[in-house]
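*Asks:*
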């Protein structure tokens with residue numbers, strides 16, 4: 056059990072409001088990821104982290120920021136939410152003892168609706 | 006950037022039938038990963054293929070990697086309703102061993 060918890064699981068917000076999604080892991084895995092999943096686009100990488108305060112952009116990072124001040128938490132922030140950011144957001148971790156493995160473990164997802 | 010093309014987009018099969026789905030990369034593959042997703046849930050890792058010609062099986066699911074064609078196929082034998090879901094392939098776009106990008110997924114329905 057990778058012990059990944061995403062919060063909130065569901066959120067409805069209005070355009071222009073800030074939103075933060077949290078991904079929490081119960082172990083000390085180094086690599087954490089935020090993806091969004093949309094019909095017709097599949098799963099796309101937003102940002103990822105390879106350690107505390109070490110983050111990098113994915114393929115759809117515009118409009119999103121991330122922070123990782125502790126190993127166990129990876130936060131995704133939408134500074135000013137737009138309707139195009141309505142999506143299901145998945146957090147994932149790489150559980151390899153070597154640091155990275157393509158065998159990722161996913162959270163259950165956070166469904167965000169921006170009105 | 007690397008693109009992973011999955012085909013067909015969706016598939017409906019009768020229970021007990023065999024099926025094959027494909028994942029083709031626009032660039033060199035540095036490992037290919039298959040995942041399955043049930044509706045409303047997160048992805049679950051199925052298999053990883055790293056070498057050309059490699060073939061792996063898990064229960065009734067077999068995946069193969071053709072490195073020259075930059076393609077992987079996933080074959081399900083005697084499909085069951087439990088096989089229904091979305092199948093996604095993922096690959097490391099740079100070979101830097103740090104992240105995965107995914108195809109759009111194939112939706113599989115299995116009729117009893």
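Protein chains in written order, with this note's numbering: chain Z, 56 to 170; chain F, 6 to 117. For each residue, glycine too, the CB sits at the ideal point set by N, CA and C.
Where are the beta strand (DSSP E) runs, 3 residues long or more, that stay fully inside the region 6-59 of chain F, in chain order?
*Replies:* You should have 9-12, 15-19, 24-30, 37-42 and 48-54.
*Asks:* With a threshold of 9 Å between beta-carbons, can residue 103 of chain F be considered close to chain Z, or not?
*Replies:* Yes - at least one Cβ of chain Z is within 9 Å of the one on residue 103 of chain F.
*Asks:* Among the residues of its own chain, which have a CB less than 6 Å from the CB of residue 89 of chain F, if the five just before and after it don't count?
*Replies:* If we look at residue 89 of chain F and ignore the five residues flanking it on each side, its Cβ neighbours are 113, 114 and 115.
*Asks:* Compare the C-beta of residue 162 of chain Z against all C-beta atoms of chain F and say whether one is closer than 9 Å.
*Replies:* Yes, contact with chain F.
*Asks:* Could you check whether the Cβ of residue 134 of chain Z sits closer than 9 Å to any Cβ belonging to chain F?
*Replies:* It does not: the Cβ of residue 134 of chain Z has no partner Cβ on chain F nearer than 9 Å.
*Asks:* Are the beta-carbon atoms belonging to residue 91 of chain F and residue 111 of chain F less than 9 Å from one another?
*Replies:* In contact: residue 91 of chain F and residue 111 of chain F (Cβ atoms closer than 9 Å).
*Asks:* Please report how far the alpha carbon of residue 99 of chain Z lies from the alpha carbon of residue 86 of chain F, in whole angstroms.
*Replies:* Roughly 28 Å between the two C-alpha positions.
*Asks:* Where residue 95 of chain F and residue 37 of chain F are concerned, what is the direct C-alpha to C-alpha distance, given to the nearest angstrom?
*Replies:* If I take the Cα positions, the gap works out to 6 Å.
*Asks:* With distances taken between CB atoms, is the gap from residue 69 of chain Z to residue 136 of chain Z smaller than 9 Å?
*Replies:* Yes, these two residues count as a Cβ contact at 9 Å.
*Asks:* Of all the residues that make up the region 104-116 of chain F, which are near chain Z by a beta-carbon distance shorter than 9 Å?
*Replies:* Going along the region 104-116 of chain F in chain order, one finds 104, 105, 106, 107, 108, 109 and 110 with a Cβ nearer than 9 Å to chain Z.
*Asks:* Excluding the 5 residues preceding and the 5 following residue 52 of chain F in the sequence, name in chain order all residues of the same chain whose CB lies nearer than 7 Å to its CB.
*Replies:* Around residue 52 of chain F: 39, 61, 63 and 68.
*Asks:* Just grab the DSSP bridge partners of residue 170 of chain Z for me.
*Replies:* In DSSP, residue 170 of chain Z forms no bridge with anything.
*Asks:* Mark residue 97 of chain F as exposed unless 16 or more other C-beta atoms lie within 10 angstroms of its C-beta, in which case mark it buried.
*Replies:* Answer is buried; the Cβ neighbour count reaches 16.
*Asks:* May I ask which residues mark the beginning and end of the beta strand (DSSP E) holding residue 122 of chain Z?
*Replies:* Note, residue 122 of chain Z: beta strand (DSSP E), 120-125.
*Asks:* Give me the subset of the region 113-142 of chain Z whose CB atoms are less than 9 Å from a CB atom of chain F, sorted by chain position.
*Replies:* Within the region 113-142 of chain Z, the residues whose Cβ lies closer than 9 Å to some Cβ of chain F are 113 and 114, listed in chain order.
*Asks:* Out of Z:164, Z:158 and Z:166, which has the shortest C-alpha to C-alpha gap to residue 84 of chain Z?
*Replies:* Among Z:164, Z:158 and Z:166, the Cα nearest to that of residue 84 of chain Z is on Z:158.
*Asks:* Below 7 Å between beta carbons is the criterion; list the residues of the region 23-43 of chain F that meet it against any residue of chain Z, in chain order.
*Replies:* Flagged, chain order: 36 and 38.
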